[in-house]
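Sequence lines, in order, name chains F and G. For the first sequence, the tail end lands on 559 under the working numbering, and the numbers increase by one without skipping. For the second sequence, the tail end lands on 280 under the working numbering, and the numbers increase by one without skipping. In what follows, a structure is listed as structure tokens, so that the remarks can point back to it.
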Amino acid sequence: MDRALFQNKAAQNSSVYSGLQALVADEFENSRVSIRQMLQGLGIQHVDQTSSGKGIIDSCRSRHYDIILCDFRLTGNKNGQQVLEELRQLSLLKPTNIFIIVSAETSRDVVMGIMESQPDEYLSKPFTQAVLARRLERQFHQSQALSKMKGLLSKKQYVELIPECVNHINQEGRYSPWCKRTLVDAYLETGKFSMLENLCQTELAVRDLDWALLGLAKMEAKKNNPQAAIAMLEKLLRLFPQTISAYDLLAECLEKSGRLDEAQSILSDAIKISPRIHKRQKHMANVSMANGDPQAALKASQQTVRLGINSIHENPDDYIQLIDIVSESADSVESSVDRKRLLSEASQALTVISKRFANDDTVKFRKSLAESRFLASQGQQREAEKALESAKQIASELVDGLPQDLVVEYGKTLYGAGEHEQAEIMLASLVDDQTISDDLKQQAADFLDEPVSSSAKAKAKELNKEGLSCYSKKDYVVAIKEFKTALEYSPRHPGLNLNLVQTCLKLMETNGKESHMLAECTEALQRLRHVTPSHKQYKRLIALKEYLTKHYKVAF
Amino acid sequence: MSEKNQLSFKKVIGASVKDMRNSLGQVQYKLDNMLAEKTDAKELSELSDAQYEMVRMQNVINQLHGLYLLESDTLTVQMLETYVLELVEDSLAGLETLLKHKQIEVELDAEDISWYVDPHLIANVLQIILLNAIRYTENKISLVLSQNDDGLLISVIDNGKGYPQSVLDSFQSLVAGESIANVSSQNTSWLYCEKVALLHKNNELKGYTRLSNDPDTGGGRIDLLIP
């Protein structure tokens, strides 16, 4: 028998461990005590203990710990995963420190959440002193061997990091797998795509590997080849269906390719596997909202807010998004009890914003805007105007003026409060402004095209699709009917209005000139006064106008 | 059962398993301390029996919960390059006092290679296999870790009396997916191991487990292949 294996490591390591400082955090005292005694048995003299997340953060502020053993469940409001994220954010952990999450948890959502926060080690309870000793020893060896690389990684010095990793791999070092994974990210960050491809393909020639496939997919995404990335990710998920970051990237690529339905369904799969990730729930809320699925958006938005509380992720955006989604979806909730609860959740979110971000005037402004939109959606027009007035007041007092990125939000609120003309002027000026970001321009343009709820947008989109299908079958009468119904949901939609015009013209080609058809056309074009030369439907609009003038003598 | 009930049952199972694991951790810790302090042979032997039963219970909870998670398609599977020898050594370290007091010698013949596995699941499987060997061995367990064309082979061989043909047959039906007449804890533990092995795939190959009697020792032998 390999005797060394079974020797108590305490004796041989006590000199190494004696100078170290350790912290044990667990909600149960007996657990804290036994882990503390195990550590002391290994020769670590200084072992502090605490039961709460706040306790850990306070302890780490006043003392530097080499080892932290933290249970997932803690007293107070934070769990181990949130504490780890916060310690990193506050730079209270050095790359060489060892943070071990200890847990008796087995449910996948918790385990996946822990793994995604990437502690140095995840140790499942129960464990013996001998096992703890072995894990610590391994962590120390690894931490020593990788200290330089981990330091460079934490400072994002990829250029310096790459040769270190390559060197370790060439010497067939024990941590070559870690180095290879790290290299993928370093190559990606520095744009060394051929090196990345070479590394991943070499590994894949030997065996199927999730990180190598993911690396190739990330590369394709970064090279702006979403189709290639999607194909790679689909293959990866067939082989390794629990590669969680692959779902996130796949959803992003699908979104970029305009395949929003599929993006939502992929995110929904990801949330089934690992729901306790703020970023993922937020992504889901955004995608489902864009898809016109306010119920799914609501659920994800509620989770986003819940995951934000007591964590580094909390921010006013999440609350405002929740309020907006409630504004939109409350009407479609059938049970009056549920509706009431939802509305009170939105009111509560408004209160929380005021309290949590009391010192930020921009947030105060946004809160008043959100409140106005919320009240307007509930038909409380007078109160909505009042909230808007108070927002205007705050805006006028902002030292640096109204931040550009809030203009869209402001414009939307004005529109909701009935100030259509002013809203249009404000948003139209954004669309033609060369100094603002494309994303913001697009947001302004989109709102001008469709200042309606996301469910109305979804309905219009569906009807439009049916209309187009009739059009392609040359069934113009039914197509016109579909387009007109769609326009009841989204009257200012350029594509939709132009589809109607084009179908009317087609019908008149066979039936001859009909005055009510011409009236439909001019009305549709009048609804598109907001379409300016920079709009992607502008050319089509002009072409149809010219056709009407030439063939039917319509003057504009 | 309605969907709502199933959901809450899932939570009940999760919370209960967590509680049992926490409690077992405490029992294990107390037993380890007592075993370290006592010198009387009879007391030591009794404590060691208690410890064996405790580890068995821990294993049963792991496999029971693991099978439940597999069936409800909520088992966490995260592959990672892992030095499997380290996992083996961890398992042996966890069973250290038990092996010592049962006076079982472990012979380790292993290549220290990194393999692509889910370390938590393979650790559970190793624990089950080793405990099974502890139960049936005379006084020696051999553990062989080797690489062949199909993958990494982990073999655990004891020098006990070997399995009767009926047990080998039952194992065969089990891995073939046939229904088993006598469901026992032994069956379920093997079922768990087989299912975990199957989760490991590479280039169209799937992992497997195999039970036999070792021609050299005459004792039981279990092989786990990870492609």
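Cβ coordinates follow ideal geometry from the N, Cα and C atoms, glycine included.
Residue i, DSSP secondary structure in three states
| i | result |
| --- | --- |
| Val209 (chain G) | strand |
| Arg6 (chain F) | With a pLDDT of only 36 at Arg6 (chain F), under 50, the local geometry of the prediction cannot be trusted, and the value read off the model is given with reservation. Helix at Arg6 (chain F). |
| Tyr562 (chain F) | A question about residue 562 (chain F) goes unanswered here, because the residues of chain F that appear run from 4 up to 559. |
| Phe31 (chain F) | coil |
| Gly470 (chain F) | helix |
| His554 (chain F) | helix |
| Leu45 (chain F) | coil |
| Glu231 (chain G) | coil |
| Leu75 (chain G) | Going by the sequence as given, residue 75 (chain G) is Asn instead of Leu. Asn75 (chain G) falls in the helix class under three-state DSSP. |
| Asn255 (chain G) | strand |
| Ala25 (chain F) | strand |
| Asp296 (chain F) | coil |
| Val50 (chain F) | strand |
| Thr416 (chain F) | helix |
| Gly204 (chain G) | strand |
| Ser237 (chain G) | coil |
| Asp93 (chain G) | coil |
| Ser55 (chain G) | Confidence in Ser55 (chain G) is poor, its pLDDT being 47 and thus under 50, which makes the residue's placement unreliable; the coordinate value appears in the next sentence. Three-state DSSP puts Ser55 (chain G) in coil, outside helix and strand. |
| Thr78 (chain F) | strand |
| Ser456 (chain F) | coil |
| Ser55 (chain F) | strand |
Residue i - containing beta strand (DSSP E), residue span
| i | result |
| --- | --- |
| Gly273 (chain G) | 273 to 279 |
| Phe102 (chain F) | 101 to 106 |
| Arg263 (chain G) | 261 to 266 |
| Ile194 (chain G) | 193 to 201 |
| Ser127 (chain F) | 124 to 127 |
Extent of the continuous alpha helix (DSSP H) run through residue i
| i | result |
| --- | --- |
| Leu242 (chain F) | 229 to 242 |
| Ile326 (chain F) | 319 to 332 |
| Cys336 (chain F) | Strictly speaking, residue 336 (chain F) in this sequence is Val, with Cys absent from that position. Careful: Val336 (chain F) lies outside any alpha helix (DSSP H) and carries neither H nor E. |
| His423 (chain F) | 423 to 434 |
| Ser110 (chain F) | Where Ser110 (chain F) is concerned, there is no enclosing alpha helix (DSSP H), given that its DSSP letter is neither H nor E. |
| Val86 (chain F) | 83 to 92 |
| Gln267 (chain F) | 263 to 276 |
| Asp251 (chain F) | 247 to 259 |
Distance cut-off 7 Å: residue i Cβ against heavy atoms of the ligand FMN
| i | result |
| --- | --- |
| Leu501 (chain F) | This structure simply doesn't include the ligand FMN, nor any ligand for that matter. |
Could you tell me which whole alpha helix (DSSP H) segments of length 4 or greater appear in the stretch 105 to 173 of chain G? 137 to 147, 149 to 154
At what residue ranges does the stretch 474 to 542 of chain F contain a whole run of the alpha helix (DSSP H), taking only runs of 4 or more? 479 to 492, 497 to 514, 518 to 529
Ranges of the alpha helix (DSSP H) found wholly within the stretch 360 to 384 of chain F, counting only runs of at least 4: Taking only runs of at least 4 residues, the alpha helix (DSSP H) segments lying wholly in the stretch 360 to 384 of chain F are 364 to 380.
Which residues of the stretch 102 to 130 of chain F have a Cβ closer than 9 Å to any Cβ of chain G? Give them in chain order. For the stretch 102 to 130 of chain F, the beta-carbon criterion of a distance under 9 Å to any beta-carbon of chain G is satisfied by Ser106, Ala107, Glu108, Thr109, Ser110, Arg111, Asp112, Val113, Val114, Met115, Met118, Tyr125, Ser127, Lys128, Pro129, Phe130.
For the stretch 191 to 213 of chain F, enumerate the residues whose C-beta is nearer than 7 Å to any C-beta of chain G, in chain order. Arg210, Asp211, Leu212, Asp213
Give, in chain order, every unbroken run of the beta strand (DSSP E) that is at least 3 residues long and sits entirely within the stretch 142 to 228 of chain F. none
Within 9 Å of chain F by C-beta, residues of the stretch 213 to 228 of chain G in sequence order: none
Using a Cβ-Cβ cutoff of 8 Å, what residues of the stretch 135 to 147 of chain G are near chain F? List them in chain order. Tyr136, Glu139, Glu142, Asp143, Leu145, Ala146, Gly147
Three Cβ pairs or more, each shorter than 8 Å: is that satisfied between the stretch 385 to 404 of chain F and the stretch 360 to 377 of chain F? Short answer: they touch.
Do the stretch 166 to 183 of chain G and the stretch 211 to 218 of chain G make contact, defined as three or more Cβ pairs closer than 8 Å? no
Going along the chain, which residues of the stretch 69 to 89 of chain G sit with their C-beta nearer than 7 Å to a C-beta in chain F? Val70, Lys71, Arg74, Asn75, Leu77, Gly78, Gln79, Gln81, Tyr82, Asp85
Which of the residues in the stretch 44 to 55 of chain F, read from start to end, lie with their CB under 9 Å from any CB of chain G? Flagged: no residues at all.
The stretch 134 to 150 of chain F in contact with the stretch 137 to 147 of chain G per 3-pair CB rule at 8 Å: The answer is yes - the stretch 137 to 147 of chain G touches the stretch 134 to 150 of chain F, with three or more Cβ pairs under 8 Å.
Determine which residues of the stretch 153 to 178 of chain G have a Cβ less than 8 Å from any Cβ of chain F, and write them out in chain order. Lys153, Glu158, Val159, Glu160, Leu161, Ser167, Tyr169, His173
Members of the stretch 21 to 37 of chain F that neighbour chain G once the beta carbon cut-off is set at 8 Å: Phe31, Asn33, Ser34, Ser37
Quick one: which residues of the stretch 236 to 265 of chain G get their C-beta closer than 8 Å to a C-beta of chain F? List them in chain order. Lys254, Asn255, Asn256
Residues from the stretch 104 to 132 of chain G in contact with chain F, defined by Cβ distance under 8 Å: Gln111, His118, Leu122, Thr127, Leu128, Thr129, Val130, Gln131, Met132
Against chain G: residues of the stretch 238 to 262 of chain F by CB proximity under 9 Å: Leu242, Phe243, Pro244, Gln245, Thr246, Ile247
Using 8 Å as the threshold, is the stretch 74 to 89 of chain G in touch with the stretch 97 to 105 of chain G, meaning 3 or more CB pairs across them? As far as the Cβ criterion goes, the stretch 74 to 89 of chain G touches the stretch 97 to 105 of chain G, which means the pair count is three or higher.
Going along the chain, which residues of the stretch 141 to 155 of chain F sit with their C-beta nearer than 9 Å to a C-beta in chain B? Absent from the structure is chain B; the protein chains it does hold are F and G.
Identify each residue in the stretch 155 to 180 of chain F for which the Cβ-Cβ distance to at least one residue of chain G is less than 7 Å, and report them in chain order. Pro180
Between the stretch 196 to 210 of chain G and the stretch 148 to 167 of chain G, do at least 3 Cβ pairs fall closer than 8 Å? Contact holds: three or more Cβ-Cβ distances are below 8 Å.
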